[in-house]
Amino acid sequence: MSDVTILVHPHPLLRAVCPDVSEFTPQLEQRFAQLDAMMRAGPGGVGIAAPQIGWQQRMMVVDCRLSQRPCRNHGLLWMCNPVIESATGSSLGREGCLSVPDWVGMVERAKSIRVTYDDMHGQRQQLESSGFEARVIQHELDHLNGILFVDRVVSARDLVRRLAHQP
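Under the UniProt record's numbering, the first residue of the sequence shown carries the number 1, and numbering increases by one thereafter.
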């Protein structure tokens, strides 16, 4: 994993639309494990998408269980080819990103979503999510489409420098 790093804005791969995962081989599980480890190595990481480490594939990891924001969630999600089938409500919330490490901003997202995705075996799954977990899924899915949270910040005034991380 030493040769893999988190890409930081304005790296051009963060702006690319990723193609679907089409091969569900045993190596895919290894890639997910590596992606998961990268997420956990970052400060406060609750989600990561493949393009953040330079992989141009529609795959992402979401795990809100250890979040400081209490939320009802589905635990560890390894998702390929996610699609939001429906979205309801609207919620304004503060977001940050491993690929935009020095900034946070207020972003409007759907409160609740229904998403379909392929698991690592290629089986189509569906789940309904709300609150913080829904926000994280939407944030990571944006990465697969070359969109960063800074593109969705409600106003330039709402983009602020993150305080330094305390050891």
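We put the CB at the ideal spot given by N, CA and C, even for glycine.
If we count the other Cβ atoms within 10 Å of its Cβ and call it buried at 16 or more, is Gly75 buried or exposed? As a first step, residue 75 must be located in the sequence shown, where it is residue number 75. It is exposed - the Cβ of Gly75 has fewer than 16 other Cβ atoms within 10 Å.
Would Arg162 pass as a contact of Val104 if the rule is Cβ separation under 7 Å? Counting from 1 along the sequence shown, the entry for residue 162 is found at position 162. Counting from 1 along the sequence shown, the entry for residue 104 is found at position 104. Closer than 7 Å, so yes.
Cutting at 7 Å between CB atoms, please list the residues of its own chain near Asp36, excluding the five before and the five after it. Here residue 36 refers to the residue found at position 36 when the sequence shown is read from its first residue. For Asp36, where only same-chain residues beyond five positions count, the Cβ hits under 7 Å are Val61.
Name the two residues that bound the continuous beta strand (DSSP E) containing Asp102. For the purposes of this step, residue 102 is identified with residue 102 of the sequence shown, where counting begins at 1. Annotation: the continuous beta strand (DSSP E) that includes Asp102 extends over Val100 to Arg109.
Can you have a look at Gly45 and say buried or exposed, based on whether 16 or more other CB atoms are within 10 angstroms of its CB? Mapped onto the sequence shown, residue 45 falls at position 45. Taking all protein chains in view, the Cβ of Gly45 is crowded by 16 or more other Cβ atoms within 10 Å, so the residue is classified as buried.
What does the alpha-carbon distance come out to for the pair Met1 and Ala134? Here residue 1 refers to the residue found at position 1 of the sequence shown. Here residue 134 refers to the residue found at position 134 of the sequence shown. Low per-residue confidence applies at Met1: pLDDT is 48, beneath 50, and the placement is therefore not dependable, though the value from the model is reported in the following sentence. The alpha-carbon of Met1 is positioned some 29 Å away from that of Ala134.
At least 3 beta-carbon pairs within less than 8 Å: the region 118-137 vs the region 18-29: Output reads yes: the region 18-29 touches the region 118-137.
Using 10 angstroms around the beta-carbon of Gly54, count the other beta-carbons present and answer buried if the total reaches 16, otherwise exposed. Numbered from 1 along the sequence shown, position 54 holds the residue referred to as residue 54. Burial call: exposed.
Per DSSP, the bridge partner or partners of Ala49: Looking up residue 49 in the sequence shown gives position 49. In DSSP, Ala49 forms a bridge with Met60.
To the nearest angstrom, how far is it from the Cα of Ala41 to the Cα of Phe149? Within the sequence shown, numbered from 1, the residue matching residue 41 stands at position 41. Within the sequence shown, numbered from 1, the residue matching residue 149 stands at position 149. Approximately 20 Å, taken between the alpha carbons.
For Gly42, which of helix, strand or coil comes out of DSSP? Locating residue 42 in the sequence shown gives position 42, where the first residue counts as 1. DSSP places Gly42 in coil when its eight states are reduced to three.
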